[in-house]
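In UniProt numbering, the protein residues as written are 1 to 151.
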């Protein structure tokens, strides 16, 4: 687990392929040129199988999916931990505190934590606080429900 302690909040999060190279960055004038903006349509929030609420994005290239979600303290909606047959999952904790259970061992989570979960590793996110636990999950290859296995 990697913990980011440099900031108390997420200013922005960048995923770069190929890996980020600061020499590839070009600064431009702050004024936006007419016709050069690109609207972003946000997906509808969905209930995920594990009780989280997610906004999910899938990309055809690379074979990657990103889900922004929040885990609520709602015992009635909690599901059993699960595993992914093929996908490696990366979880970034944007806000809140909670736990991740990995192979039946609970580990505390807080804002700024990064977790890598390899295929066939049983895991689940838990929130026992009144505040939401807000996370970004990245799966490669892209998340597919048929890849999920429960206990």
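Using N, Cα and C, we set each Cβ at its ideal position, and we do this for glycine too.
Taking 6 Å as the limit between beta carbons, can you name the residues of its chain near residue i, skipping five residues before and five after?
i: residue 80; result: 150 and 151
i: residue 116; result: 90
i: residue 39; result: Here residue 39 scores only 47 on pLDDT, less than 50, and its place in the model should not be relied on; the value that follows carries that caveat. Correct list: empty, nothing qualifies.
i: residue 92; result: 114 and 136
i: residue 65; result: 58, 139, 142 and 143
i: residue 71; result: 52, 125, 127 and 133
i: residue 102; result: 123
i: residue 111; result: 93 and 95
Given residue i, which residues of its chain have a CB within under 7 Å of its CB, disregarding the five upstream and five downstream residues?
i: residue 86; result: 119, 141 and 147
i: residue 131; result: 96
i: residue 121; result: 83, 102 and 103
Residue i to residue j, Cα distance in whole Å?
i: residue 104; j: residue 128; result: 17 Å
i: residue 145; j: residue 84; result: 9 Å
i: residue 2; j: residue 124; result: For residue 2, the predicted model reports a pLDDT of 46, less than 50, meaning its position is unreliable and no value from the coordinates is stated.
i: residue 133; j: residue 143; result: 21 Å
i: residue 108; j: residue 97; result: 8 Å
i: residue 106; j: residue 99; result: 6 Å
i: residue 44; j: residue 94; result: 20 Å
i: residue 88; j: residue 63; result: 12 Å
Mind checking which residues open and close the beta strand (DSSP E) that includes residue i?
i: residue 130; result: Taken as a continuous stretch (DSSP letters only), residue 130 belongs to no beta strand (DSSP E), as it is neither H nor E.
With DSSP as the reference, please indicate the residues paired to residue i in a beta bridge.
i: residue 151; result: Answer is none; residue 151 lacks a bridge partner.
i: residue 95; result: 134
i: residue 139; result: 65 and 89
i: residue 120; result: Beta-bridge pairing links residue 120 to no other residue.
i: residue 83; result: 149
i: residue 106; result: 101
Once the 5 residues before and after residue i are set aside, which same chain residues still bring their CB inside 8 Å of it?
i: residue 32; result: With a pLDDT of only 49 at residue 32, under the threshold of 50, the placement of this residue in the model should not be trusted; the figure read from the coordinates follows. Excluding sequence neighbours, residue 32 sits near nothing in its chain.
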